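64 is the number of the first residue of the sequence shown in the working numbering; add one for each residue after it.
I have placed the structure first, in the form of structure tokens, so that the comments after it can refer back to it.
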Amino acid sequence: MAKIINGKQISEHIRNNISKNLKSLKEMGIIPGLAVIIVEGDPASRTYVDNKKKACESLGIYSEEYSLSPQVTQEELLDLIYMLNEKANINGILVQLPLPKHLNEKQIIKSINPLKDVDAFHIENVGRIILGDYYLSPCTPAGIMEMLKFENINVCGKNCVVLGRSNIVGIPMAMLLLHSNATVTICHTKTKSIKDICKNADIIISAVGKTKFVTADMVKKDAVVIDVGINRDDNGKLCGDVDFENVKNVASYITPVPGGVGPMTITMLMQNTINAVKLQYKTIFGEELKI
Ligand code: NAP
């Protein structure tokens, strides 16, 4: 029976460190600020934004929410970002995705000051992640790396299969694993024999967005299974991509949904907000902020 990786517990552990950093910053008169922009209309996005706000409040990170109507224009959204790029008490800017179809997501992300891009989706930060020279981490993949580290799961030399190739999860996840010397295979809708590929994996990370996509017969005995998916089953209950009840009998470690990767993503966002403060301080003063 697999050990269930407790994302809430690992998050708490990281948040204790974040609290210490925040205390040191406060003593220097610095309170990190995060601006969250949401274009209303998607209930899931609303829940994510509320959770991010709650995390800021509980840790003592200053936050501002910009709730925009579903009819907001590209120009209005860009003007808001330009304003926040200049706002001194805002260190991080996050635009909750996905955006409605009439908005040009690429252009909007590109308009965020890369030093304030706490989601690390800006093309400059993506490039840095690919090169392994980054300061702002992609939150979900970084959270997964922290989980593996916490559980002493070394990825070096392991066969890792990432299911999904989105810019938000799959691709940056593969990059972080590669930088840690894993051998990485990325699967997507055009991949042939996904089951066989998975069967060879020491670590499977699923970010597909489909209920029960990863079944027990796809998992090698004692493999590690990380479930990024956030889906609803036929009864409307929150679930991941993995057939948890059956896969847990084959895997050595498994993450649950909820309570696995989700809490880590938010915690890494908080960490990135502090990292953004440090980055901006260094850019302005030319020296490291010692906290
Ligand atoms: P996405 O942009 O929709 O990407 C899904 C990926 O899965 C695509 O690369 C797609 O392949 C692949 N895929 C879909 N169906 C497939 C199939 N039948 N066989 C093989 N590959 C398939 O989604 P995302 O933004 O990466 O998110 C993935 C899931 O993670 C969603 O459930 C999302 O809600 C969740 N999520 C969770 C967190 C968290 O904090 N826990 C954070 C972000 C996302 P193609 O590229 O070929 O289309």
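Note that the Cβ used here is the ideal one computed from N, Cα and C, for glycine as well.
Computed from a prediction, not measured in an experiment: that's the story for all the values here.
Give a yes or no on whether the C-beta atoms belonging to residue i and residue j are separated by under 8 Å.
i    : j    : result
A264 : C223 : yes
H251 : G220 : no
L342 : L178 : yes
I289 : I207 : yes
P95  : I347 : no
H165 : K173 : no
D259 : V277 : no
L131 : I171 : no
G272 : I249 : no
I67  : P319 : yes
N335 : L199 : yes
D304 : G292 : yes
E187 : Y316 : no
A358 : E138 : This structure cannot settle anything about residue 358, because the visible part of the chain is limited to 64 through 354.
In terms of residue numbering, what span does the beta strand (DSSP E) encompassing residue i cover?
i    : result
C250 : 246-250
V225 : 222-226
Y125 : 125-131
S269 : 266-269
A98  : 96-102
Cβ-heavy atom distance between residue i and ligand 1 below 7 Å?
i    : result
I293 : yes
L199 : no
K253 : yes
V189 : no
A205 : no
V324 : yes
I101 : no
V271 : yes
T110 : no
G233 : yes
S132 : no
C250 : yes
T318 : no
G299 : no
I192 : no
My guess is that residue i and residue j are in contact by the Cβ rule of under 8 Å, so how many angstroms apart are they, rounded?
i    : j    : result
L160 : E168 : 7 Å
M327 : G70  : 5 Å
H242 : G195 : 5 Å
Starting from residue i, trace the alpha helix (DSSP H) in both directions and tell me its first and last residue.
i    : result
L211 : 202-213
L342 : 324-348
D113 : 106-122
Below 7 Å, is the gap between the Cβ of residue i and the nearest heavy atom of ligand 3?
i    : result
V247 : With respect to small molecules bound, the structure shown includes ligand 1 and not ligand 3.
By Cβ distance below 7 Å, which residues in the same chain neighbour residue i in space, the five residues on each side in sequence not counted?
i    : result
V282 : C261, I267, V288, V310, V313, A314
I93  : V340
To which residues of the same chain is residue i closer than 6 Å at the C-beta, ignoring the five residues directly before and after it?
i    : result
L162 : V102, E168
A118 : I329, M333
V225 : G233, M236, A237, I249, I268
I100 : Y129, V158
K275 : D306
Looking only at its own chain, which residues have a Cβ that is under 8 Å from the Cβ of residue i, when we skip the five neighbours before and after it?
i    : result
A107 : I293
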